[in-house]
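Chemist: One structure follows; several queries about it will come next.
Number of protein chains: 2
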Amino acid sequence: MRDERFCASNCPFTRAIGTIGNKWKPIIINVIGTRTVRFGQMDSIIPIISRKVLAEQLKELEEDGLLERMAYKELPPRVEYKLSEKGLAFLPILDSIKEWNCKYEVTPLTEAPGQKSRITYAADLIDRKTFVPKKIAKVATDAVIKD
Amino acid sequence: MRDERFCASNCPFTRAIGTIGNKWKPIIINVIGTRTVRFGQMDSIIPIISRKVLAEQLKELEEDGLLERMAYKELPPRVEYKLSEKGLAFLPILDSIKEWNCKYEVTPLTEAPGQKSRITYAADLIDRKTFVPKKIAKVATDAVIKD
DNA sequence: CAGGATCCTATTCGATACTG
DNA sequence: CAGTATCGAATAGGATCCTG
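The listed protein sequences correspond, in order, to chains A and B. If you read the first sequence in full-length UniProt numbering, its first letter stands for residue 1, the second for the next number, and so on. If you read the second sequence in full-length UniProt numbering, its first letter stands for residue 1, the second for the next number, and so on.
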């Protein structure tokens, strides 16, 4: 998920793309935003990502200094993630990507206007109301069977 | 390479990530920049991408309105690519990603200072001097054999 | 020259089960 | 709760050959 060839480049731009150039990391960074978020929260906000991939991406983001992980020695365990200074500095870039898309997208879907914070927005986007992810469909099927 | 689930989201940010959220497209857009570039040029500027993947990415970028493809009816054929207005509007975002990385990267490699244009810079980054890509190594081997 | 088609391999990803 | 381990399926990607 991190392209080591890109990261080994002597070009800072290429290295940056090697680090954050995939589809999950911008989404994760955007979802965390300025908040402090627990692992399970992220998993339910972004239901289409599997817990395995989520854990992998979070680990890489931590290694690359984009976020800070705080594990509390409790039972049941509690782990909180928040963006580092580097990660926070990336948020304006994500905002500009959204603005860019809104301005130039050929066939934009209808979008409810109003005051959407970064987080509620991100939550709206990739969730069960927007498109039915596989694992949610699976859960629904199970529920029907149980009934 | 385009995540259709992301593109079907009702969130413009998620759709944007579904469109350009991979490692190749930012590189390609950056390499083209404000120039008009031929297919073969791109293939030699970015030697680590295979021609197949390059063609696929270019087609998607064209479909998404980021670049314009001009095919001249000549023999041998000549095809030129240049960024559309939408694609050009994405360049400042790529610049800000580079600046962000330069400012916050934990262990940046040494970088030669000086006046580097977008293009020569991109060419430096992913090429045979930076790290030896497989197909260049192959070509070199062939050359040795020929000699 | 600029690709398309084909075949094959490597990598990613998801589902499931398990643990401290 | 917050992961990790394992396995199998899906996908990305490379090599090669072919064509207008």
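All residues carry an ideal CB built from backbone N, CA and C; glycine is no exception.
(1) Would you grab the beta carbon distance between A/K73 and A/I32 for me? Rounded to a whole angstrom, and I think it's under 8 Å.
(2) If we count the other Cβ atoms within 10 Å of its Cβ and call it buried at 16 or more, is B/L75 buried or exposed?
(3) Counting only the same chain and skipping the five closest in sequence on each side, list residues whose C-beta sits under 6 Å from that of A/C7.
(4) Just confirm the distance between the C-beta atoms of B/C102 and A/P12, as a whole number of angstroms; I'd bet it's less than 8 Å.
(5) Run down chain A in chain order and give the residues with a C-beta less than 8 Å from the C-beta of B/L94.
(6) Taking C-beta pairs closer than 7 Å, name the residues in chain A that B/P26 reaches, listed in chain order.
(7) Got a sec: is the Cβ-Cβ distance from A/Y81 to anything in chain B below 8 Å?
(8) Using the Cα positions of B/P77 and B/K98, report the straight-line distance between them to the nearest angstrom.
(9) Do you know whose CA, among A/Y104, A/D64 and A/M70, lies nearest A/G21's CA?
(10) Can you find a CB in chain B that lies within less than 8 Å of the CB of A/E74?
(11) Identify the residues that DSSP records as bridge partners of A/L83: which are they?
(12) Spell out a yes or no on whether the stretch 22 to 29 of chain B and the stretch 45 to 59 of chain B are touching, meaning 3 or more CB-CB pairs, one atom from each, closer than 8 Å.
(13) I want to see whether chain B comes within less than 8 Å of A/I48, judged by CB atoms only; does it?
(14) Which residue marks the beginning of the alpha helix (DSSP H) containing A/D43, and which one marks its end?
(15) Taking 8 Å as the threshold (beta carbon to beta carbon), is B/I32 in contact with chain A?
(16) Determine, for B/I119, whether the minimum Cβ-Cβ distance to residues of chain A falls below 8 Å.
(17) Would you decide whether A/V37 is buried or exposed? Buried here means 16 or more other CB atoms lie within 10 Å of its CB.
(18) With DSSP run on the structure shown, which of helix, strand or coil describes B/R5?
(19) Do we get a CB-CB distance below 8 Å when we pair A/K98 with the residues of chain B?
(20) Can you give me the start and stop residues for the alpha helix (DSSP H) that A/G18 sits inside?
(21) Name, please, each residue of chain B whose Cβ falls closer than 7 Å to the Cβ of A/K86.
(22) Alpha carbon to alpha carbon, what distance is there between A/I45 and B/S44?
(23) Could you tell me whether any Cβ in chain A is nearer than 8 Å to the Cβ of B/F39?
(24) Does DSSP classify A/R78 as helix, strand or coil?
(25) CA-CA distance, A/E85 and B/D95?
(26) So who's on the other strand from B/Y72, going by DSSP bridges?
Modeler: Per the coordinate set shown:
(1) Not really, about 22 Å apart at Cβ, beyond 8 Å.
(2) Exposed is the call here.
(3) Closer than 6 Å at Cβ, skipping near neighbours: R15 and G18.
(4) Confirmed, about 5 Å.
(5) Result: F13.
(6) The answer, in chain order, is I17 and G21.
(7) It does not: the Cβ of A/Y81 has no partner Cβ on chain B nearer than 8 Å.
(8) Distance from the CA atom of B/P77 to the CA atom of B/K98, rounded to whole angstroms, is 35 Å.
(9) Nearest option by C-alpha distance: A/D64.
(10) With 8 Å as the cut-off, A/E74 does not count as an interface residue toward chain B.
(11) Partner(s): A/L67.
(12) The stretch 22 to 29 of chain B is in contact with the stretch 45 to 59 of chain B.
(13) Contact of A/I48 with chain B is assigned, a C-beta pair being separated by under 8 Å.
(14) That run of the alpha helix (DSSP H) goes F39 to I45.
(15) At a cut-off of 8 Å, the C-beta of B/I32 has no neighbouring C-beta in chain A.
(16) Residue placement at B/I119 cannot be trusted, given a pLDDT of 37 that sits under 50; the coordinates are not used to answer.
(17) A/V37 is buried by the Cβ-count criterion.
(18) B/R5: helix per DSSP, three-state reduction.
(19) Closer than 8 Å to some Cβ of chain B, the Cβ of A/K98 qualifies, so yes.
(20) Residues P12 to I20.
(21) By Cβ distance, chain B contributes Y104.
(22) Cα-Cα distance, rounded: 42 Å.
(23) Not an interface residue.
(24) In this structure, A/R78 counts as strand in the three-state DSSP scheme.
(25) Going by the C-alpha atoms only, they are around 19 Å apart.
(26) In the DSSP output, where bridge partners are listed per residue, B/Y72 has B/R78.
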